[in-house]
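Shown next, in structure tokens, is the structure this report addresses.
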Amino acid sequence: MKLQHYLGGLEGIDSEPLNFEKRVFVEPWETRIFGIHVAMMGLSKHLSQALPQYPIENVPTKFNSVWTWADLRKGAEAMNPFDYFRFRYYEKWLGGISGFFVQSGYITQKELDTRTATYLEKTDAPLPSMSEPAIDDQVIDYLHRGDPAIREVDNQPKFNVGQKVLVKDVPTTEHTRLPGYLRNKTGIVDEVYQGAYAYLCSTGADGLGEPMYVYSVKFDPKDIWSDIAQSNSWVYADLFEVYVEAAE
Numbered sequence: 001m002k003l004q005h006y007l008g009g010l011e012g013i014d015s016e017p018l019n020f021e022k023r024v025f026v027e028p029w030e031t032r033i034f035g036i037h038v039a040m041m042g043l044s045k046h047l048s049q050a051l052p053q054y055p056i057e058n059v060p061t062k063f064n065s066v067w068t069w070a071d072l073r074k075g076a077e078a079m080n081p082f083d084y085f086r087f088r089y090y091e092k093w094l095g096g097i098s099g100f101f102v103q104s105g106y107i108t109q110k111e112l113d114t115r116t117a118t119y120l121e122k123t124d125a126p127l128p129s130m131s132e133p134a135i136d137d138q139v140i141d142y143l144h145r146g147d148p149a150i151r152e153v154d155n156q157p158k159f160n161v162g163q164k165v166l167v168k169d170v171p172t173t174e175h176t177r178l179p180g181y182l183r184n185k186t187g188i189v190d191e192v193y194q195g196a197y198a199y200l201c202s203t204g205a206d207g208l209g210e211p212m213y214v215y216s217v218k219f220d221p222k223d224i225w226s227d228i229a230q231s232n233s234w235v236y237a238d239l240f241e242v243y244v245e246a247a248e
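Just so it is clear: in the sequence shown, position 101 is 101 by the UniProt record's numbering, and no numbers are missing.
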């Protein structure tokens, strides 16, 4: 989103010192949220058509949805902007995942609120426990082999190394991979990556979804931040083809 996503290139966002947290997990519950997300990816229905293909139809799971990194990001970024800035990293994950399960009909909001209240009242209450070896094997197999985003396409890249391109100001809804501070800025194609890359979900008006080429585009920081930019430096951004057009 333009308001709350990809704000790293804007100046003066926060007057407080930045906290560069080096720990992957700060609280024990964060590991469980990460595990839930990984399990959802490993059981996602799109994997039967992915590269490599997985026998999802034979896995005895009630999870019958598509879930990818992109869906996680969409859910987190669709949060109220004030909540987005107020919550920590894995709290955003929790909000996105919880919202997905409610919207998909796996649980009602009332059921979720009731269970939340139960565990808030008794924090040491045991969590539900069950095991299905076929599900465990599928998730572990997914962790080993993954779901590569690169695809083969018939068309050639639209732009070449050294070509000047303009970053579009594309419409966005719930998710975008375009840094807001680069919109309407001009740069030079520095590298054309081999192969086309499929984004793992459609972003609607943003244009992502189908496989397309990705470019490393070089920007003069003075064209982005004017006189406050640091001299003798460059800004590089990897941009999907749908985000750029030939500059006049």
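C-beta atoms are modelled at their ideal positions from N, C-alpha and C, and glycine is treated no differently.
Pro221 and Asp169 have their C-alpha atoms spaced approximately 18 Å apart. Per DSSP, reduced to three states, the secondary structure at Thr186 is strand. If you draw a straight line from the Cα of Arg183 to the Cα of Leu166, it is about 8 Å long. With a cutoff of 8 Å on beta-carbon distance, Ser44 and Trp67 are scored as near each other. Each residue's CA atom was taken as its position, placing Asp113 and Ser98 some 11 Å apart. Take Ala205, set aside five residues on each side of it, and the residues of its chain with a beta-carbon closer than 8 Å to its own are Val170, Pro171, Thr172 and Thr173, in chain order. Within a 10 Å sphere around the beta-carbon of Trp29 sit fewer than 16 other beta-carbons, which makes this residue exposed. Of the candidates Ile36, Tyr243 and Glu152, the residue whose Cα lies closest to the Cα of Trp93 is Ile36. A Cβ-Cβ distance of about 5 Å is found for the pair Ala247 and Thr186, placing them in contact under the 8 Å criterion. In the DSSP assignment, Glu245 falls within the beta strand (DSSP E) that extends over Val244 to Ala246. In the three-state reduction of the DSSP assignment, Met41 falls in the helix class.
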